[in-house]
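The structure appears right after this line, and notes come after that.
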Amino acid sequence: MADRSNQPSTLLATGRRVCGALAPLLLAAGCVSNNVIAPPVALVATESANVDRLEQGRTLYLQRCSRCHAAPIIRTLTPDEWDYWLPDMLTDSALKGPPAEAVTAYVAAVLQAPAVVFAPPPRD
Ligand code: HEC
Numbered sequence: 249m250a251d252r253s254n255q256p257s258t259l260l261a262t263g264r265r266v267c268g269a270l271a272p273l274l275l276a277a278g279c280v281s282n283n284v285i286a287p288p289v290a291l292v293a294t295e296s297a298n299v300d301r302l303e304q305g306r307t308l309y310l311q312r313c314s315r316c317h318a319a320p321i322i323r324t325l326t327p328d329e330w331d332y333w334l335p336d337m338l339t340d341s342a343l344k345g346p347p348a349e350a351v352t353a354y355v356a357a358v359l360q361a362p363a364v365v366f367a368p369p370p371r372d
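Here it is, written out as structure tokens:
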């Protein structure tokens, strides 16, 4: 597997840069980058994972779960909280069948990945 040890700081630094440049536009959204909300598949996929399905799940998560409220930072909810919320929220998003399963698989992959990757960026 690829060495991931130097990736988190790169990601978070990118998030802060985008956040700073776009701050006037992003204030209402709380200025949290997509890579913090929903980490890239490359950071959360295991060797046996279906990467295409996880990519589909991440794309749908970012698109569909931000329609009524800001898409939650996945790691801020516990697995039990996700079990409670996600089925209803998939229904609210008009997702079922394979697309719903892709989102569920992606959220599970994020929850199972090493936590150090997902520390939120420091406040300015
Ligand atoms: C049609 C609007 C709508 C869509 C689309 C939607 N949500 Fe929600 N979401 C809500 C509402 C409204 C609530 C407040 C709780 C309730 O009334 O069920 C909520 C609450 C939540 C909560 C609980 C928040 C908390 O404070 O604990 C989570 C987590 C959540 N949504 C995740 C998602 C995810 C993930 C998706 C995409 C699969 C999604 N939502 C799509 C309307 C939506």
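Letter by letter, the sequence shown follows residues 249 to 372 in the working numbering. Note that beta-carbon positions come from the ideal geometry of N, C-alpha and C, so glycine has one too.
Query	Result
Taking V355 as the reference, give the member of C316, R301, S296 with the closest Cα.	R301
Can you round the beta-carbon distance between I321 and V280 to whole angstroms, since I take them to be within the 8 Å contact cut?	6 Å
Is the closest heavy atom of ligand 1 to the C-beta of R306 under 7 Å?	no
Three-state secondary structure (DSSP) at R315?	coil
When every heavy atom of ligand 1 is checked, does at least one fall within less than 7 Å of the C-beta of S296?	no
Is A297 helix, strand or coil when you go by DSSP?	coil
Is any heavy atom of ligand 1 found at a distance shorter than 7 Å from the C-beta of R301?	no
Is it buried or exposed for L310, if we count other Cβ within 10 angstroms and need 16 for buried?	exposed
L308 and V351: beta carbons closer than 8 Å?	yes
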